[in-house]
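S.K.: Below: one structure in structure tokens.
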């Protein structure tokens, strides 16, 4: 139990860091859903099956869908050309 | 005992780590989309913190099954709270994204600082306080307003 | 007493039905909201009369506290529930007549604000607080100009940060105590929350709820939101919602956090708010942002008053808060016609003498000119601060006096500007008030004058409210009963 | 400046929180209210899933507030994104595979969604989780056939009526002399599908409302007022 928990926490925190540091927005959304999935398994380990189900359905599923739709509407889906903002963020 | 403590410690590191990473993301990023993502991360951390608050070692899920007594179950109350918090979180996320979509259309930028500058210019123009003073002397709020002070405060 | 749940349930029901109902039957959209608000005000008035001023509680869902959620009905909760309905009725926005969705948002905000006033459960308070937030996002964004949307987005992000902090604070408290009922927490607080953890939780909740209370580090949204939102929405946010947030903070402080450091923290945050708010207001060049910054300053003053230990502090804080609750919405309603930069308002007072008179009345009360209620509120705060044998409190008193000088300066400058002889081209464009834009201010001005005349009974009543607020034992016995066995 | 100080601030906060939580007794939640609810919930509410008892019974008003928040968020998203005379975004029609799989999936997801909602008082799951699946079920056709007309009015009616039903059930209890949102119709025997009185009805209503709101949100994000 303790090893699985530790592994999950590490994966979760790495994915969370990836959300901030990935320059690609699509990858960031994917990382965010990895956070949700890891969290959902953690909830299951913590004997919270209701919460785990909700986190998986809402956090990993619905929220990613909403983010993906928003990405399209914001015109951020193209992976190659980084926008001006991205450039600035990289340069800081 | 040390095993027990380690588990607790790992879990809290996870929760607090998520909160901290999320807060860093919110303050540090200038890109709106990234800020909204970071908000979700921080919220996830707070949710995990709540669930841990109700965890009892070697406990069972709070569902009546033969052979499991209420004394062996984990606390159902934080779980109910987290259900609520998760749904609230996704609602606010969708709301923020809708706003971001429109803001981008209005200001052609997703950079929070550029948007803020454009918004201030807009507000000043609408209030009719541009032109006369803004060039040579910064308006009062730029110098002393809580905006500046608050950013010092929160960083 | 169970009927008090209607105050939360009815506006919510109305809000759920409005977007659909208004599309089928047009007049529903226009009348349902005000009618429901009248009804909820009546419910509160009747229940208040029946209660005779004695606190009571109700159990939602019929589950005994501390298991279920309770509403606690003391005079403070009832007066804020009533103020919520009445102010929303008075400031019912024009846009709500055209767009049923704005009416629905107003009703949602009213429902949640009443819930915040009444709730006796930590997490339930958080839920209502979030509902107030989300409804206010919608109301603020409703003009849909680029600036309004951008301001709302920044407001959403700051509120989101606050949410995370408040939730973390609640999690800390729950981890330590295993309960959420405020009365139960009060019983347990002496042994479980009087430590670093308690203080951390308080700071986190203070920062979280402080977003709505326009507290110092988390108030960067205030000027831009009030400058872009419709003035009536700003009036509600600055007048009512910010006070509710402060009342919640103070109730938690009284019940759960006995640490003296918490009071000092309030004093420092309040003093910074007063100083920065009033200075920024002094620098402001348009009416709305002047009001916005002045509102930050006033809320800092409220916080400073509450930081005085004991019943005296609660009394002073309530007095300042109630005064601001009346004055600030009235001023924002005046800004409805007098929107924008000072230059464009030169000579506007000649065209709308009633509005100018009202402005001067409210300004005098804000500055604290006797015999207006604002004077007594400020005097009590100053005396309370000076009565503490502590240099920090004395510094606080000095800051208030200094800020008052600035406050008087910019308010007089604006008042004089109203009567400046404007150039011909400008005076042609000077906006004129009509009955619709003056009405709410007139009513609030009348309330202020009545309070001026009846300052003794009003003061005595407020002292009674403060007594109830200060009485932790009363809260516990009212909700949990005396000597009942608790889990 | 803020790119250096903000990580420091967050690291400081994290460290402080860790110091605070390190004081906690390891592995043992205080279980004050939780234990009491675990003991009495099966008798008082008749649910086997005690989280459901808390969500709909003990903390029912929280849940009401929560669906109100979701309702508000969806309302505001609609308000913000709506634009008069806006044209649809031109989309490439979906391939056959997606269309056919959608047609197969739709009824399946409906069944699963309602199953999860209706067993919420017995097993993990309930109104929220089922509602999300319902929303997904209604969203799939949008992906497969971009031209399809979103029936906002239908969604709004579902949303409004479901939300009102939740409150009306609460008010019935109030006017029968009980408290607002008090569970009705007795408890039945815990573990049966037809048990727990009015709680499964509340969960059904909740699921419909959550589903309609989320579907509305998604539809707003896909279509309304899109440029070009």
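Protein chains in written order, with this note's numbering: chain A, 3 to 94; chain B, 656 to 810; chain C, 58 to 544; chain D, 213 to 440. No residue lacks a Cβ here, since even glycine has one placed at the ideal position from N, Cα and C.
1) In chain order, what residues of the same chain lie with their CB nearer than 8 Å to the CB of residue 118/C, ignoring the 5 residues before and after it?
2) If I'm right that residue 241/D touches residue 718/B with Cβ under 8 Å, what's the distance once you round it to whole angstroms?
3) Do you know how far the Cα of residue 296/C is from the Cα of residue 197/C?
4) With a CB to CB cut of under 7 Å and the five nearest residues on each side skipped, what residues in its chain are close to residue 430/C?
5) Give a yes or no on whether the minimum CB-CB distance between residue 598/C and chain D is below 9 Å.
6) Candidates 323/C, 523/C, 282/C, 404/C: which alpha carbon is nearest residue 778/B's?
7) For residue 335/D, write down the residues that DSSP places opposite it in a beta bridge.
8) If you run the structure through DSSP and keep just helix, strand and coil, what is residue 151/C?
9) Pick helix, strand or coil for residue 14/A, following the three-state DSSP scheme.
10) CB residue 762/B to CB residue 756/B, shorter than 9 Å?
11) I want to verify the contact list: residues of chain B whose CB lies under 7 Å from the CB of residue 41/A, in sequence order.
12) Is the beta carbon of residue 409/D sitting closer than 9 Å to the one on residue 342/D?
13) Looking at residue 72/C: is its Cβ nearer than 9 Å to the Cβ of residue 164/C?
14) Quick one: list the residues of chain D neighbouring residue 191/C, beta-carbon separation under 8 Å, in chain order.
15) In the DSSP assignment, find the beta strand (DSSP E) that holds residue 27/A and state where it starts and stops.
16) In chain A, which residues lie with their C-beta within 9 Å of the C-beta of residue 692/B?
17) In three-state terms, what does DSSP make of residue 128/C?
18) What residues of chain B sit near residue 8/A, judged by a beta carbon separation below 8 Å?
19) Kindly indicate if chain C contains any beta-carbon less than 9 Å away from that of residue 369/D.
20) Quick one: residues in its chain with C-beta nearer than 8 Å to the C-beta of residue 305/C, no 5 flanking neighbours on either side, listed in chain order?
21) Our contact map puts residue 709/B next to residue 730/B with C-beta atoms below 8 Å; I'd like the distance itself, whole angstroms only.
22) Closer than 9 Å between beta carbons: that is the criterion. Which residues of the segment 772-785 of chain B meet it against chain A?
23) Can you pull out the residues from the segment 263-293 of chain C whose beta carbon lies closer than 8 Å to at least one beta carbon of chain D?
24) Below 8 Å on the Cβ atoms is my contact criterion, and I expect residue 21/A with residue 40/A to pass it. Report the Cβ-Cβ distance as a whole number of Å.
25) Taking residue 11/A and residue 669/B to be in contact with their CB atoms under 8 Å, please state how far apart those CB atoms are, rounded to whole angstroms.
26) Select from 158/C, 366/C, 494/C, 144/C the residue whose C-alpha is nearest the C-alpha of residue 284/D.
27) Using 9 Å as the threshold, is the C-beta distance between residue 302/C and residue 268/C below it?
28) What residue range is occupied by the uninterrupted alpha helix (DSSP H) comprising residue 432/D?
29) Of all the CB atoms in chain C, is at least one closer than 9 Å to the CB of residue 415/D?
30) Is it buried or exposed for residue 308/C, if we count other Cβ within 10 angstroms and need 16 for buried?
31) Using a beta-carbon distance below 9 Å, is residue 434/D in contact with chain B?
32) In chain D, what lies closer than 8 Å to residue 389/C by C-beta?
33) Would you mind listing the alpha helix (DSSP H) stretches within the segment 136-184 of chain C that are 4+ residues and don't spill past its ends, in chain order?
34) Under a three-way DSSP split, which group does residue 379/C fall into?
35) Taking the runs of the alpha helix (DSSP H) that are 4 residues or longer, which of them lie wholly in the segment 424-466 of chain C?
36) Is it buried or exposed for residue 530/C, if we count other Cβ within 10 angstroms and need 16 for buried?
M.R.: Here's the rundown:
1) 125, 126
2) Residue 241/D to residue 718/B, Cβ: 17 Å. No contact.
3) A direct Cα-Cα distance of roughly 15 Å separates residue 197/C from residue 296/C.
4) 380, 422, 505, 508, 509, 512
5) The displayed coordinates of chain C run from 58 to 544. Any statement about residue 598/C would go beyond what the structure contains.
6) 282/C
7) Per DSSP, residue 335/D has no beta-bridge partner at all.
8) Correct three-state label for residue 151/C: coil.
9) helix
10) no
11) 699, 703
12) no
13) yes
14) 281, 284, 285, 288
15) No beta strand (DSSP E) contains residue 27/A, which is instead part of the alpha helix (DSSP H) from 27-47.
16) Residues of chain A passing the Cβ test: 21, 22, 27, 30, 31, 33, 34, 69.
17) If DSSP states are grouped into helix, strand and coil, residue 128/C belongs with the strands.
18) 665
19) yes
20) The residues 173, 182, 186, 266, in chain order, have a CB closer than 8 Å to that of residue 305/C in the same chain once the five nearest residues on each side in sequence are set aside.
21) 3 Å
22) So the list is empty, because no residue satisfies the distance condition.
23) none
24) Wrong, their Cβ atoms sit about 12 Å apart, outside the cutoff.
25) 4 Å
26) 158/C
27) yes
28) For residue 432/D, the enclosing alpha helix (DSSP H) covers residues 411-434.
29) no
30) Here residue 308/C is buried. Its C-beta has 16 or more other C-beta atoms within 10 Å.
31) no
32) Those do not exist, as residue 389/C stays about 22 Å from chain D at its closest Cβ, beyond 8 Å.
33) 152-155, 157-175
34) helix
35) Runs of the alpha helix (DSSP H) spanning 4 or more residues and lying entirely within the segment 424-466 of chain C occur at 430-444, in chain order.
36) Burial call: exposed.
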